[in-house]
DNA sequence: ACAATAACTTCCATAATATGGATTTATTGG
DNA sequence: CCAATAAATCCATATTATGGAAGTTATTGT
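Chains as they are written, first to last, in this note's numbering: chain A, 5 to 263; chain B, 5 to 263.
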């Protein structure tokens, strides 16, 4: 009994893209793709051919190996802005990075993940787990991500948690408890020490839509020494200020940018 | 008589993505998508639903309008590196931007287009036509793009020119002549004054694979005043040097990065 | 506020399309 | 150079996408 999606071929094609995206930079062989996606080899061949034709996949050098093509980069750059969010938040990030001297991230929600939309480092020290722009973590792993999760409405929160529990555990981390999330909601920020990486402190505040939906978060990454408890609250306060400014920009823009 | 692709549904789905990518940031309505892609409306609906499920499309705010989703940004960031090219070229770009004081671009070929992979500006003055990272122009429009075109093998060059002629004319620019391209091949760089934008000078040198295929170009954008003929050749010489260094890195990396 | 219109969603019989087993051709490795 | 493995191609089959029609839900105009 197959699933009743009505667009099997498209979904399979997208699955191929995601499989190749997850592969190492030497690329993937057709057979591997077929196996990874649970497709017969001729089927994979057809899908790959179509994706290649469109520039979504390219051959590695002169081999048969396949890798993501630049078309995705092109499209990705177009969608990157998330409807003005990145642009609206950029100045805030710059200010925060400069003021704190640490590394600031803009994380936005995408389905069950949070994606790093932008990043400003005052001095290139830290590469956090979600460090690189374009990187994604399951909602619930990492401060920015967890802040967004915490501020979702009850029902959605449960759904996301259920969906992500296994993924997070598989990555060797633990899943935030209900109490953790409630605490984050209460004080309006998330603070993590030594959670994803030893010696690294992370903290984040949410960016909410006028309707009270969390769409993104501003996160900070720093070493434990640089961000002691004493300084933390100051920094968080500044971050909240900036988050509010971004919210104001979002609210005032006539095209709802909110997701 | 339909085309014999063997993956109609996938191709249609990709067409939907590209249509939405070309749309303004307020997003697109289902009907518009259907019309733009030549699909019946229920068909478009099914494809859109699948793409939305995968995070490739999102609803704008709480409306029904559709816009590119962050999944594309995610995948795009993964593929952005073009197999090490961007990383290999980054230091060269930084050096060139610092040394020249102008704006440097890394353009890479993607099918019939050249995509801006990276950009370094010494001082934020110019926004060239292909300025933003992720932007694409048809091969034959803009210096970096034209340099790549010029260095393609005869047959491929003709094919690309035929494919792009209309597109370039439609954008209100003219298509490089055979003589233009031959000249670029001969002197190893492309120089354009007042071509795409008045008062702006562009120039570019190709980056070739060991097998003599152009995969990318380093381009410079500056105002006419900043880049007079006298300075031009110096700058070009430096750019050629850097291009050669990048070629060396590419050649020495065991995974062929070459496209 | 209500009607009229347009956009979106769902349904389903039909046929066009994707499917995958079998085969040929190319590539890789010993 | 030959064996083994992977990729490309073929094609009869039935699964899957298709699009007309009808039912809902927004949007627009009066």
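Positions of the beta carbon are idealized from the N, C-alpha and C atoms, including for glycine. If you're wondering where the values come from, they're calculated on a predicted model, not measured in any experiment.
So, for residue 139 (chain A): in the same chain, excluding its five sequence neighbours on each side, which residues have a beta-carbon less than 6 Å away from its beta-carbon?
Excluding its 5 nearest sequence neighbours in each direction, residue 139 (chain A) has C-beta neighbours in its own chain below 6 Å: 120, listed in chain order.
Taking 7 Å as the CB-CB cut-off, is residue 77 (chain A) touching chain B?
Residue contact check for residue 77 (chain A) against chain B: a CB pair falls below 7 Å.
Report the residues of the region 63-74 of chain B with a CB closer than 7 Å to any CB of chain A, ordered along the chain.
Those would be 64, 65, 66, 67, 71, 72, 73 and 74, in chain order.
Just how far apart, CA to CA, sit residue 104 (chain B) and residue 231 (chain B)?
Here the alpha carbons of residue 231 (chain B) and residue 104 (chain B) stand approximately 9 Å from one another.
For a cutoff of 7 Å on Cβ pairs, would you count residue 50 (chain A) as touching chain B?
Output row for residue 50 (chain A): interface = yes.
Where does residue 186 (chain B) land, buried or exposed, given buried means 16+ other C-beta within 10 angstroms?
Under the 10 Å beta carbon count, residue 186 (chain B) is surrounded by fewer than 16 other beta carbons and is classified as exposed.
Please say whether residue 38 (chain A) and residue 48 (chain A) have beta carbons closer to each other than 7 Å?
Yes, these two residues count as a Cβ contact at 7 Å.
Distance check for residue 158 (chain A) and residue 182 (chain A), CA to CA, integer angstroms please.
A direct Cα-Cα distance of roughly 10 Å separates residue 182 (chain A) from residue 158 (chain A).
Compile a chain-ordered list of the residues in the region 7-24 of chain B whose CB is closer than 7 Å to at least one CB of chain A.
For the region 7-24 of chain B, the set of positions with a beta-carbon nearer than 7 Å to some beta-carbon of chain A reads 9, 10, 11, 13, 14, 15, 17, 18 and 21 in chain order.
Is the Cβ of residue 115 (chain A) closer than 7 Å to any Cβ of chain B?
Judged by the 7 Å Cβ criterion, residue 115 (chain A) is in contact with chain B.
Within the continuous beta strand (DSSP E) that includes residue 20 (chain B), where are the two ends?
No beta strand (DSSP E) contains residue 20 (chain B), which is instead part of the alpha helix (DSSP H) from 12-26.
Within 7 Å, strictly: CB atoms of residue 168 (chain A) and residue 210 (chain A)
By the CB criterion at 7 Å, residue 168 (chain A) and residue 210 (chain A) fall outside the cutoff.
With DSSP as the reference, identify every bridge partner of residue 196 (chain B), one or two as the case may be.
Partner(s): B:206.
Give the interface partners of residue 98 (chain A) over in chain B, defined as CB-CB distance under 7 Å, in chain order.
Result: empty, since nearest Cβ-Cβ is about 13 Å, beyond 7 Å.
Can you list, in chain order, the stretches of the beta strand (DSSP E) that have 3 or more residues and sit fully within the region 38-117 of chain A?
For the region 38-117 of chain A, whole beta strand (DSSP E) runs of length 3 or above, ordered along the chain, are 61-63, 70-72 and 107-114.
Taking only three categories from DSSP, how would you classify residue 213 (chain A)?
In this structure, residue 213 (chain A) counts as coil in the three-state DSSP scheme.
Do residue 250 (chain B) and residue 93 (chain B) count as a contact pair if the criterion is CB distance below 7 Å?
Residue 93 (chain B) places its beta carbon less than 7 Å from that of residue 250 (chain B).
Would DSSP call residue 130 (chain B) helix, strand or coil?
With a pLDDT of 42 at residue 130 (chain B), under the threshold of 50, the predicted position of this residue should be treated as unreliable, though the coordinate-derived value follows. Here DSSP, grouped into helix, strand and coil, assigns residue 130 (chain B) to coil.
Apart from the five residues on each side of it in sequence, which residues of its chain come closer than 7 Å, Cβ to Cβ, to residue 203 (chain A)?
Beyond the five residues adjoining it in sequence on each side, residue 203 (chain A) comes within less than 7 Å, by CB distance, of 227 and 228 in the same chain, given in chain order.
Quick one: which unbroken alpha helix (DSSP H) runs of 4-plus residues sit fully inside the region 128-180 of chain B? Chain order, please.
As far as the region 128-180 of chain B is concerned, its whole alpha helix (DSSP H) runs of at least 4 residues are 147-155 and 158-174.
Whose Cβ in chain B lies nearer than 8 Å to the Cβ of residue 88 (chain A)?
Simply 29.
Beta carbon of residue 224 (chain A), beta carbon of residue 108 (chain A): below 7 Å?
Yes; because the gap between Cβ atoms is below 7 Å, this pair is in contact.
Starting from residue 226 (chain B), follow its DSSP beta bridges and name the residues at the other end.
In the DSSP assignment, residue 226 (chain B) is bridged to B:205.
Selection from A:51, A:25 and A:35 that minimises the alpha carbon distance to residue 15 (chain B):
Residue A:51 is the option with its Cα nearest to residue 15 (chain B).
If we count the other Cβ atoms within 10 Å of its Cβ and call it buried at 16 or more, is residue 17 (chain A) buried or exposed?
With 16 or more Cβ atoms within 10 Å of its Cβ, residue 17 (chain A) is classed as buried.
What separation, rounded to the nearest whole angstrom, lies between the Cα atoms of residue 122 (chain A) and residue 206 (chain A)?
Whole-angstrom Cα-Cα distance: 16 Å.
Taking the alpha carbon of residue 178 (chain A) as the reference point, which residue from A:147, A:190 and A:12 has its own alpha carbon closest?
The residue with the shortest Cα to Cα distance from residue 178 (chain A) is A:147.
Using the C-alpha atoms, what's the distance from residue 80 (chain B) back to residue 99 (chain A)?
For the pair residue 99 (chain A) and residue 80 (chain B), the Cα-to-Cα distance works out to about 27 Å.
Would you mind giving the Cβ-Cβ distance between residue 75 (chain A) and residue 114 (chain B), rounded to the nearest angstrom? I have them listed as a contact below 8 Å.
Indeed they touch by this definition, with Cβ atoms about 6 Å apart.
Residues of chain A with CB closer than 7 Å to the CB of residue 84 (chain B), please, in chain order.
77, listed in chain order.
Going along chain B, which residues have a C-beta under 8 Å from residue 119 (chain A)?
Per Cβ cutoff of 8 Å: 74, 77 and 78.
If you draw a straight line from the alpha carbon of residue 245 (chain B) to that of residue 110 (chain B), how long is it in whole angstroms?
For the pair residue 245 (chain B) and residue 110 (chain B), the Cα-to-Cα distance works out to about 15 Å.
In whole angstroms, give me the CA-to-CA distance for residue 58 (chain B) and residue 171 (chain A).
Their Cα atoms are separated by approximately 17 Å.
Is DSSP giving residue 189 (chain B) helix, strand or coil here?
Of the three classes helix, strand and coil, the one that applies to residue 189 (chain B) here is helix, per DSSP.
Can you give me the Cβ contacts of residue 34 (chain B) inside the same chain, cut-off strictly under 8 Å, excluding the 5 residues immediately before and after it?
45, 48, 49, 52, 68 and 70.
Based on Cα-Cα distance, which residue from A:19, A:43, A:54 and A:196 lies nearest to residue 233 (chain A)?
Minimum Cα distance to residue 233 (chain A) is reached at A:196.
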